[in-house]
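A quick write-up on the structure given underneath.
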Amino acid sequence: MSQAPSTPVQSRLEFGFMVAALTIGQGCGTLLTVAMPTIAPAVAESYGVPVYMIGYQVSLVYLGVMTGLVFGANLSTRWGACRTTQAGLALQAIGILLASTRQIVLLAPASAFLGLGYALLTPASSHLLLRFTPEHRRNLVFSIKQTGVPLGALGAALTAAGLTLLFGWQGALWTYAVLVLGVVAAMQWRRERWDDDRYPNVPLAAKPLAAVGVMWRIPALRRLSIVGGLLICGQMCMQNFTVVMLFEELKMPLVQAGLILSIAQVGGVSGRLFWGWMADRSRDCIQVMMLLAGILLCVALATATLGPGWPLSAIAVLFFLFGATASGWHGAYLSEAARLSPPGQVSMATSGSLLLNNTAAMVTPLIFAGIYTGIHSYAYTFGVLGLPALASMLLLWGARHATTGARSATP
78 MSQAPSTPVQ SRLEFGFMVA ALTIGQGCGT LLTVAMPTIA PAVAESYGVP
128 VYMIGYQVSL VYLGVMTGLV FGANLSTRWG ACRTTQAGLA LQAIGILLAS
178 TRQIVLLAPA SAFLGLGYAL LTPASSHLLL RFTPEHRRNL VFSIKQTGVP
228 LGALGAALTA AGLTLLFGWQ GALWTYAVLV LGVVAAMQWR RERWDDDRYP
278 NVPLAAKPLA AVGVMWRIPA LRRLSIVGGL LICGQMCMQN FTVVMLFEEL
328 KMPLVQAGLI LSIAQVGGVS GRLFWGWMAD RSRDCIQVMM LLAGILLCVA
378 LATATLGPGW PLSAIAVLFF LFGATASGWH GAYLSEAARL SPPGQVSMAT
428 SGSLLLNNTA AMVTPLIFAG IYTGIHSYAY TFGVLGLPAL ASMLLLWGAR
478 HATTGARSAT P
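In the numbering used here, the protein residues as written are 78 to 488.
The structure is reproduced here in structure tokens:
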């Protein structure tokens, strides 16, 4: 799919500011999304509910994400991508402030605002980055921006408990809200320049599933989106079940298990940068993602052999690689998705692709739990993640073969 050439920014300072603002914004959005689960015991005690019920709050957030992706695909075109990013972060700040009121009736709308706001961030940033990033640097720049996701999760893991001890859990959420609103204000500096391609007459709300239609009509983008839905299975299981597996089956202390998860998140940051750099250097994003999926397949199979006899250093290396692959593909993926999108419809097509990804993200923990119920082993259930990794490799191989064949047939 051909693209219009990227629009150069006025200076390196402005380009650096844009990438930094989008990366920090993505990190802040992730931080707010995972803040309450990170301090779930304190939140649950204050609300007077069992800790496990915080899981319902996570489901409500994902419902908000899905709704935002379905109906919000037009916003970057109507308001501009910068304004849409600001609106998303502001919605999340409102959501986290509502959640801090300790009113159980406000928890559902608070979670919905968190999800709705988070849904707006990635399509809007993809719109901006495609416009202003030179083509030969897009994979790396997209990957740099996407490091905001694991960095935000890592930030929550490192600061939420301490802020809760200092200021209470509500004070921790207020601190995060102030941080996010500061990012919103800072982005206003270049808003007019970044949003000079907006079309105010575009309908505010997109037609339901219109974004999916844009994505699905392009075979290469459709195939890539399915690959994203398969790869995200590993990421969701790593984020939600690593600590449980290490604590329950390897009898690892909770703090130590949390440290291993932090190492996996560092792997996610490193992986996003590495795979983005590799995709730019090789100029073959599909081949790079095939390699990533192959390593993830090996890691999943190795995880199935985990037991109390494993040395801690080997476990740390394994989960670093797990993070680098299961959570390392997003930047290269989003850059390729943007490249394949129709001109002027990057945000719409990205929303459709992410809707498929987030559907997989929502059902994966349920499938994982169901498999565990049948085989009663977290390690073996992690091994099952080799199946979606293998399916990803086969789909990517087919995509690359089709692309190569099409090029060979071109006179």
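Glycine included, each C-beta is placed from N, C-alpha and C at the ideal position.
Only a predicted model underlies this, so the values are computations on that prediction, with no experimental measurement involved.
Beta-carbon spacing of residue i, residue j below 8 Å
i, j, result
"L217", "A112", "no"
"S202", "Q103", "yes"
"A170", "L258", "yes"
"Q223", "G408", "yes"
"L146", "A196", "yes"
"R160", "P277", "no"
"F368", "A466", "It is worth fixing the name first, because residue 368 is Leu in this sequence and not Phe. Cβ distance not < 8 Å, so L368 and A466 don't count as in contact."
"Y410", "G305", "yes"
"A379", "L395", "yes"
"V320", "G335", "yes"
"W271", "L205", "yes"
"L240", "T110", "no"
"H213", "D357", "yes"
"F219", "S412", "yes"
"L432", "M143", "yes"
"R267", "E91", "yes"
"V291", "A426", "yes"
"W293", "R299", "yes"
"R477", "I363", "yes"
"L307", "A468", "yes"
"L350", "I221", "yes"
"I337", "A238", "no"
Whole-Å CB distance - residue i paired with residue j, under 8 Å assumed
i, j, result
"A377", "G463", "4 Å"
"G398", "A297", "Position check: residue 398 holds Leu in this sequence, whereas Gly was assumed. Not quite, the Cβ-Cβ distance comes to about 28 Å (not below 8 Å), so this is no contact."
"G165", "L137", "Not a contact, Cβ separation roughly 17 Å."
"M439", "Y139", "5 Å"
"M470", "A370", "5 Å"
"A230", "T107", "6 Å"
"G429", "V226", "Not quite, the Cβ-Cβ distance comes to about 20 Å (not below 8 Å), so this is no contact."
"A437", "I309", "5 Å"
"V348", "S404", "Residue identity check: residue 348 is Gly in the sequence provided, not Val. Yes, they are in contact, since the Cβ atoms of G348 and S404 sit about 7 Å apart, within 8 Å."
"A119", "W246", "4 Å"
"T458", "Y449", "5 Å"
Selection from the options that minimises the alpha carbon distance to residue i
i, options, result
"A185", "S153, P385, V135 and A230", "V135"
"S339", "K284, P420, T236 and G306", "T236"
"A233", "M292, Q342 and R358", "Q342"
"L281", "I221, G149 and L197", "G149"
"G384", "L431, M329 and Q364", "M329"
"A262", "I101, R477, L206 and R214", "I101"
"R89", "P227, T210, V142 and Y457", "T210"
"G157", "G421, Y253 and T441", "G421"
"M315", "F445, E91, A356 and R208", "F445"
"L472", "T252, S302 and S424", "S302"
"Y455", "G290, A97, L174 and L327", "L327"
"R48", "S153, I337, V226 and L256", "An answer regarding residue 48 cannot be provided, because it is not within the stretch 78 to 488 covered by the chain."
"Q180", "N317, L228 and V126", "V126"
"L193", "G172, A176 and S177", "G172"
"V260", "Q163, E269, D274 and Q247", "Q163"
"M355", "W406, C375, L389 and E269", "W406"
"L286", "V461, V332 and N151", "N151"
"P419", "G93, G248, F318 and I295", "I295"
"G248", "I221, I452, L174 and V461", "L174"
"L256", "C105, N435 and L443", "C105"
"P114", "G93, G141, L323 and A176", "A176"
"L323", "S359, T178 and G386", "G386"
"A97", "E325, M264, I337 and M366", "M264"
"M366", "D274, P200 and T402", "T402"
"N435", "G93, G141 and E325", "G141"
"G460", "Y133, K284, T178 and F318", "F318"
"P388", "V346, C375 and Q333", "Q333"
Whole alpha helix (DSSP H) runs in the stretch 382–422 with 4 or more residues, listed along the chain? 389–403 and 407–417
Entirely within the stretch 173–229 and at least 4 residues each: give me those alpha helix (DSSP H) ranges in chain order. 181–209 and 215–223
Starting from the N-terminal side, write out each stretch of the alpha helix (DSSP H) that is 4 residues or longer and does not extend beyond the stretch 269–302. Counting only runs of 4 or more, we get 287–293.
Entirely enclosed alpha helix (DSSP H) segments - the stretch 326–383, minimum 4 residues: Those alpha helix (DSSP H) runs which fall completely within the stretch 326–383 and span 4+ residues are 331–359 and 362–380.
Every unbroken beta strand (DSSP E) inside the stretch 417–474 [3 residues or more]: none
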